[in-house]
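Number of protein chains: 2
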Amino acid sequence: MKASKQQKLEAKGWKVGSAADFLDLSAGESAYIEMKLALSDALKSRRLKERMSQVELANKVQSSQSRIAKMEAGDPSVSIDLLMKSLLAMGVSRTELAKTIAEPVS
Amino acid sequence: MKASKQQKLEAKGWKVGSAADFLDLSAGESAYIEMKLALSDALKSRRLKERMSQVELANKVQSSQSRIAKMEAGDPSVSIDLLMKSLLAMGVSRTELAKTIAEPVS
DNA sequence: CAACTATATGTCATATTTGACATACATTCA
DNA sequence: TGAATGTATGTCAAATATGACATATAGTTG
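Note that the protein sequences, when read in sequence, are chains A and B. With the first letter of the first sequence counted as 1, position 45 gets the number 47 in this note's numbering; the numbers rise by one all the way through. With the first letter of the second sequence counted as 1, position 103 gets the number 105 in this note's numbering; the numbers rise by one all the way through.
In structure tokens, the structure reads:
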């Protein structure tokens with residue numbers, strides 16, 4: 003893993019500090035993290051596009067403002083399930099979701 | 003929801019029996035379920051393609067035979083996170099994963 | 001037939017994820 | 001200034017997901 007990527011992940015709260023973790027992030031593990039970050043970004047940009055506050059979105063998808071914030075921040079405590087459920091609840095199609103999954107995070 | 007679809011889901015163990023549930027499955031909710039089933043099918047066909055047993059796959063992805071069986075059966079107790087982690091651990095690419103997400107379940 | 005291999009199903013203690021809440025921080029506006 | 005609005009962060013009890021285990025079922029082989 004490149005240092006730039008490590009910093010990006012650490013900035014989002016992922017624990018990649020130990021030497022073992024640093025060396026052991028497999029291709030599958032980093033692909034998983036990248037997908038999660040891509041979904042986070044998609045959620046945030048979709049919300050902003052709709053000019054919604056986090057509170058409004060929380061009501062719409064039956065969650066809470068704090069969890070929306072954590073989703074958008076790419077917090078390690080949020081699952082892909084929740085991100086996908088939320089995007090689907092916002093009206094995003096399966097096809098659009100697939101595109102998000104496929105794309106590398108900007 | 004069509005009766006044929008309801009039966010397919012019920013056969014996989016989803017609780018769609020009550021009248022309320024029957025009427026209330028939103029577009030997002032059914033899209034979510036369909037995606038999960040698509041991932042289940044992808045996992046099973048990938049494993050068979052590699053001529054692996056469930057036990058072998060369980061070792062490879064650090065899980066257990068019973069959980070692999072539940073994943074492949076589309077059991078409600080398994081998360082999309084686990085399905086995706088498993089597929090990635092099998093060497094499936096993000097792009098292939100995206101295709102699976104996009105496709106309707108056969 | 002029994003032994004073997006693969007898969008399915010049920011249970012359960014533990015681990016992770018969740019919404020909710022409090023509260024901190026930031027920005028705007030009057 | 002301070003009230004209002006939106007977002008971030010930390011915590012926690014409750015809900016959900018997890019691997020492990022036992023055991024059932026099904027097919028195969030000797």
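For each residue, glycine too, the CB sits at the ideal point set by N, CA and C. Every value quoted in this text rests on a predicted model; they were computed, and no experiment measured them.
Per DSSP, reduced to three states, the secondary structure at residue 64/B is coil, with no helix or strand assignment. Contact with chain A is absent for residue 69/B, since none of that chain's Cβ atoms lies less than 8 Å from the residue's Cβ.
Using a 10 angstroms sphere on the CB of residue 80/B, the tally of other CB atoms reaches 16 or more, which defines it as buried. Annotated three-state conformation of residue 79/B is coil, per DSSP. Here the alpha carbons of residue 38/A and residue 61/A stand approximately 22 Å from one another.
When the beta-carbon positions are compared, residue 86/A and residue 50/A stay at least 8 Å from each other.
By the rule that beta-carbons nearer than 8 Å mark a contact, residue 73/A does not touch chain B. Contact annotation: in the segment 38-61 of chain B, no residue has its CB less than 8 Å from a CB in chain A. When secondary structure is reduced to three states using DSSP, residue 86/A falls in the helix class. Here residue 102/A is buried: its Cβ has 16 or more other Cβ atoms, across all protein chains shown, within 10 Å. Residues of chain A with a Cβ closer than 7 Å to the Cβ of residue 103/B are, in chain order, 96, 99, 100 and 103. Shown here, residue 105/A sits in coil according to DSSP, grouped into three states, outside any helix or strand. For residue 46/A and residue 74/A, the gap between their C-alpha atoms comes out near 6 Å. For residue 48/B, the enclosing alpha helix (DSSP H) has its first and last residue at 29-51. Excluding residues up to 5 positions away in sequence, 40 lie with their Cβ nearer than 7 Å to the Cβ of residue 105/A in the same chain. The C-alpha of residue 66/A is placed about 15 Å away from the C-alpha of residue 77/A.
The three-state secondary structure of residue 57/A, taken from DSSP, is helix.
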